[in-house]
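Q: Have a look at the structure that comes next, please.
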Amino acid sequence: MTRTTAARAARLDQVCASAVDVAYEGITEVEPSDIGDHLGAIAEGDRLVTHLFECQLAGYRGWRWAVTVTRVPRSRQVTVCETFLLPGPDAMLAPSWLPWQERLKPGDLGVGDLLPTQPDDDRLAPGYLLSDDPAVEETAWEFGLGRVRVMSREGRIETAQRWYDGDHGPEAPISVGAPRSARCGTCGFYLPLAGALRQAFGVCGNFYAPDDGRAVSADHGCGAHSETMLEAAETPVEELPTIYDDSEVEAIAVSRALGSVETAEPAEPYGHG
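If you read the sequence shown in the working numbering, its first letter stands for residue 70, the second for the next number, and so on.
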């Protein structure tokens, strides 16, 4: 027969709880100005109490100095066990630690860097397994010659969603600003992918397009669509009003003033010789 006993809550020892000064003197690692007001005491066990003080250190907003004190039975002398810092409810904390694989972002891999793939990566499957992607099955059974691993269904779905939601999908700013009829799936420069992704994605082959050489969704678009034509509007040319009228000639008599021509000079012929 077994009997379950509920854990008894620790009782706050009044002698240890009253030793605020002893706990305060136990904080020796910093200046007195770095220690704030007493925030209370917490019972940790029989004759074991932790005192909390505000921390005034720069960069430790919301943290608390914690000093644990105790005493031996039937003694009123309190001694310090340990001193440490604890974060409070509104303490400023560092972000949770993440493995390096989860911290990587697109574009972090530089020249000369190596990014090993985990053996249990869900995005990949052994190349000898049957796949639901026809393009994968073409090489899946090339014993000794095919790829060791191929992209799994989960990997293709994740990739398709990332491409579709990114800068090469229908909601990209350049796609939203393009005419609704200028979609990549109807463009002559659109090169469809092989396999299961063929229905939704292709590669842009337009040298002048911003997505040249990149995978784009079929409903992505831009202003460099192959069927984008600029029709010149026929604007009638307005006839300008006549500035001057040369239809009438007014004859003006010209006489040479006396002395303007030497009398010894021969007469000037009319016209060109």
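We put the CB at the ideal spot given by N, CA and C, even for glycine.
My guess is that residue 346 and residue 270 are in contact by the Cβ rule of under 8 angstroms, so how many angstroms apart are they, rounded?
A: The requested residue 346 is not part of the displayed model; the chain covers only 70 to 342.
Q: Looking at residue 184: is its Cβ nearer than 9 angstroms to the Cβ of residue 173?
A: One-based indexing of the sequence shown puts residue 184 at position 115. One-based indexing of the sequence shown puts residue 173 at position 104. In this structure, residue 173 lies closer than 9 angstroms to residue 184 by Cβ.
Q: Return the residue from the list 248, 259 and 132 that minimises the CA-CA distance to residue 298.
A: Here residue 298 refers to the residue found at position 229 of the sequence shown. Nearest of 248, 259 and 132 to residue 298, Cα basis: 248.
Q: Starting from residue 105, trace the beta strand (DSSP E) in both directions and tell me its first and last residue.
A: In the sequence shown, residue 105 corresponds to position 36, counting from 1. Segment 104-114, the beta strand (DSSP E) holding residue 105.
Q: If I follow the unbroken alpha helix (DSSP H) through residue 86, where does it start and stop?
A: Along the sequence shown, one-based indexing puts residue 86 at 17. Per DSSP, residue 86 belongs to the alpha helix (DSSP H) from 83-86.
Q: Report yes if the CB atom of residue 253 is closer than 9 angstroms to the CB atom of residue 286, and no otherwise.
A: Walking along the sequence shown from the start, residue 253 turns up at place 184. Walking along the sequence shown from the start, residue 286 turns up at place 217. Cβ distance < 9 angstroms, so residue 253 and residue 286 count as in contact.
Q: Jot down the residue ranges of each uninterrupted beta strand (DSSP E) in the segment 140-181, minimum 3 residues, whole runs only, in chain order.
A: DSSP runs (the beta strand (DSSP E)) wholly in the segment 140-181: 148-156.
Q: Would you list the residues sitting across from residue 135 in a DSSP beta bridge?
A: The residue you call residue 135 lines up with position 66 of the sequence shown. Looking at the DSSP assignment, residue 135 forms a beta bridge with 121 and 153.
Q: Among the candidates 119, 107 and 94, whose CA atom is the shortest distance from the CA of residue 79?
A: Here residue 79 refers to the residue found at position 10 when the sequence shown is read from its first residue. Of the listed residues, the one whose Cα sits closest to residue 79 is 119.
Q: In chain order, what residues of the same chain have a beta carbon less than 8 angstroms from the beta carbon of residue 257, not counting five sequence neighbours either side?
A: For the purposes of this step, residue 257 is taken as residue 188 along the sequence shown, with counting starting at 1. Cβ neighbours of residue 257 beyond the five flanking positions: 295 and 296.
Q: What's the C-alpha gap between residue 214 and residue 263?
A: Taking the sequence shown and counting its residues from 1, one reaches residue 214 at position 145. Taking the sequence shown and counting its residues from 1, one reaches residue 263 at position 194. Its pLDDT being 49, under 50, residue 214 is placed unreliably by the model, and nothing is read from it.
Q: Quick check on the DSSP output: the beta strand (DSSP E) that includes residue 271 runs from which residue to which?
A: As a working mapping, residue 271 is identified with position 202 in the sequence shown. From DSSP, the beta strand (DSSP E) with residue 271 extends over 270-273.
Q: Buried or exposed: where does residue 403 fall if 16 or more other Cβ atoms within 10 Å of its Cβ makes it buried?
A: There is no way to answer for residue 403, as the model of the chain reaches only from 70 to 342.
Q: For residue 161, which option in 180, 124 and 139 has the closest C-alpha, if you only look at C-alpha atoms?
A: One-based indexing of the sequence shown puts residue 161 at position 92. Measuring from the Cα of residue 161, the nearest candidate turns out to be 124.
Q: Specify the secondary structure class of residue 194 as computed by DSSP and reduced to three states.
A: Against the sequence shown, residue 194 aligns to sequence position 125. Strand at residue 194.
Q: Thinking C-alpha only, which one of 268, 127, 144 and 308 is nearest residue 82?
A: The residue labelled residue 82 in the question sits at position 13 within the sequence shown. Here the closest residue by C-alpha is 144.
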